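Chemist: Got a structure for you, written out below as structure tokens; questions coming shortly.
In the UniProt record's numbering, the protein residues as written are 1 to 249.
Written as structure tokens, this is what we have:
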């Protein structure tokens with residue numbers, strides 16, 4: 001269901017996009033959060049850029065004061081600014097979750113399906129702004145560096161948009177159908193004069209947010225997944241988390 005401000009818009013089933021006579025979509029597509037079939041390497045996504053945001057630089061500069069404050073909030077003698085997760089007690093969930101490489105592959109698949117669905121219906125052409133693609137470091141609750149990162153995709157745009165209300169509703173319905181097959185839920189649609197904004201969140205962790213802007217002159221598509229651990233950081237995460245096993249309560 002798409003929600004638009006205070007009103008709700010029912011999404012009726014529609015014929016599958018880009019198939020002869022509206023044949024239904026192959027229901028064998030794995031659901032988001034379940035074991036998936038091997039995904040071939042994608043050529044759509046350039047290498048990610050590991051960068052530190054302005055907010056992170058500010059927090060690094062003031063990290064000493066924040067760490068002192070964090071120590072005062074704990075009754076143990078541990079320096080919790082060195083905790084590798086985000087909040088006390090989340091290390092087990094992090095280790096049980098999927099890893100960054102899997103998240104990136106899944107992001108490629110989800111965005112590719114959405115682009116393909118809209119391209120098949122509206123004959124639009126996509127290009128990627130790779131300058132905004134990044135893996136951004138997360139900070140824990142005590143002002144220290146965690147080992148978790150937010151993975152933000154490139155922003156995909158088209159060379160044309162949609163002017164009619166009917167076409168915009170159709171675009172939202174098509175994307176909702178594609179995302180449902182990828183395990184997304186909580187679709188919402190905000191209608192503004194110049195553009196409509198559709199958002200959808202993953203039904204299973206880690207938290208992923210997809211945003212689609214439907215404007216007069218272009219589509220804009222991106223996806224962000226929060227607080228994920230890379231395979232190469234797992235040994236260090238386990239080592240640091242072990243130091244807080246007895247104080248993590």
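In this text, a Cβ means the ideal position worked out from N, Cα and C, and glycines have one as well.
For clarity, every value in this text was computed on a predicted model and none was experimentally measured.
What beta strand (DSSP E) runs, 3 residues minimum, are completely inside the segment 188-241?
Modeler: Within the segment 188-241, the complete beta strand (DSSP E) runs of at least 3 residues are 195-202, 208-215, 219-228.
Chemist: Taking the beta carbon of residue 127 as the centre, do at least 16 other beta carbons fall within 10 Å, making it buried, or is it exposed?
Modeler: The residue is exposed, with fewer than 16 neighbouring Cβ atoms inside 10 Å.
Chemist: Check residue 122 in the structure and name its three-state DSSP category.
Modeler: If DSSP states are grouped into helix, strand and coil, residue 122 belongs with the helices.
Chemist: Take the Cβ of residue 165 as the centre, count every other Cβ of all protein chains shown within 10 Å, and call the residue buried at 16 or more, exposed below.
Modeler: Residue 165 should be labelled exposed.
Chemist: In terms of residue numbering, what span does the beta strand (DSSP E) encompassing residue 138 cover?
Modeler: Residues 134-139.
Chemist: How would you call residue 96, buried or exposed, if buried means at least 16 neighbouring beta carbons within 10 angstroms?
Modeler: Exposed, since its Cβ has fewer than 16 Cβ neighbours within 10 Å.
Chemist: To the nearest angstrom, report how far apart residue 175 and residue 115 are at their CA atoms.
Modeler: Answer to the nearest angstrom: the Cα atoms are 9 Å apart.
Chemist: How would you label residue 89, buried or exposed, when you count the other beta carbons within 10 angstroms and need 16 or more for buried?
Modeler: Burial call: exposed.
Chemist: First and last residue of the beta strand (DSSP E) that includes residue 167?
Modeler: Element bounds for residue 167: not the beta strand (DSSP E) but the alpha helix (DSSP H), 165-180.
Chemist: Suppose contacts are defined by Cβ-Cβ distances below 8 Å. Is residue 329 in contact with residue 228 by that definition?
Modeler: Outside the displayed range of the chain (1 to 249) lies residue 329, so it cannot be described from this structure.
Chemist: Could you name the residues that DSSP lists as bridge partners for residue 128?
Modeler: In DSSP, residue 128 forms a bridge with 156.
Chemist: Leaving out five residues before and five after residue 132 in sequence, what residues of the same chain have Cβ atoms less than 6 Å from its Cβ?
Modeler: Closer than 6 Å at Cβ, skipping near neighbours: 155.
Chemist: Report the CB separation of residue 168 from residue 196 in whole angstroms; it is logged as a contact under 8 Å.
Modeler: Indeed they touch by this definition, with Cβ atoms about 5 Å apart.
Chemist: With DSSP run on the structure shown, which of helix, strand or coil describes residue 102?
Modeler: Note: residue 102 maps to helix in three-state DSSP.
Chemist: Taking all protein chains shown into account, decide if residue 143 is buried (16 or more other Cβ within 10 angstroms of its Cβ) or exposed.
Modeler: Residue 143 is buried by the Cβ-count criterion.
Chemist: Once the 5 residues before and after residue 99 are set aside, which same chain residues still bring their CB inside 8 Å of it?
Modeler: Excluding sequence neighbours, residue 99 sits near 228, 229, 230, 231, 234.
Chemist: Please report the Cβ distance between residue 188 and residue 199, rounded to the nearest whole angstrom; I am assuming they are in contact, meaning their Cβ atoms lie under 8 Å.
Modeler: Sure, about 5 Å apart at Cβ, within 8 Å.
Chemist: How is residue 148 classed by DSSP in three states: helix, strand or coil?
Modeler: Residue 148 falls in the strand class under three-state DSSP.
Chemist: Please classify residue 244: does DSSP put it in a helix, a strand, or coil?
Modeler: Here residue 244 sits in coil by DSSP.
Chemist: For residue 250, which residues of its own chain have a beta-carbon under 8 Å away from its beta-carbon, when the five flanking residues on both sides are left out?
Modeler: Residue 250 lies beyond the residue range present for the chain, which begins at 1 and ends at 249; the question has no answer from this structure.
Chemist: From the DSSP output, read off the bridge partner residues of residue 185.
Modeler: Per DSSP, 201.
Chemist: In its own chain, which residues sit with a C-beta less than 8 Å from the C-beta of residue 180, not counting the 5 before and 5 after it?
Modeler: The answer is none, since no qualifying residue turns up.
Chemist: Per DSSP, what kind of secondary structure is residue 80 in: helix, strand or coil?
Modeler: In the structure shown, residue 80 sits in a helix (DSSP, three-state: H, G or I).
Chemist: Can you give the Cα-Cα distance for residue 257 and residue 204, rounded to whole angstroms?
Modeler: Here the chain covers residues 1 to 249 and nothing more, so residue 257 does not appear.
Chemist: Less than 8 Å between the C-beta atoms of residue 153 and residue 217, yes or no?
Modeler: No, Cβ-Cβ distance for residue 153 and residue 217 is not below 8 Å.
Chemist: When we look at the beta-carbon of residue 107 and count the other beta-carbons within 10 Å, is it buried (16 or more) or exposed?
Modeler: Residue 107 is buried by the Cβ-count criterion.
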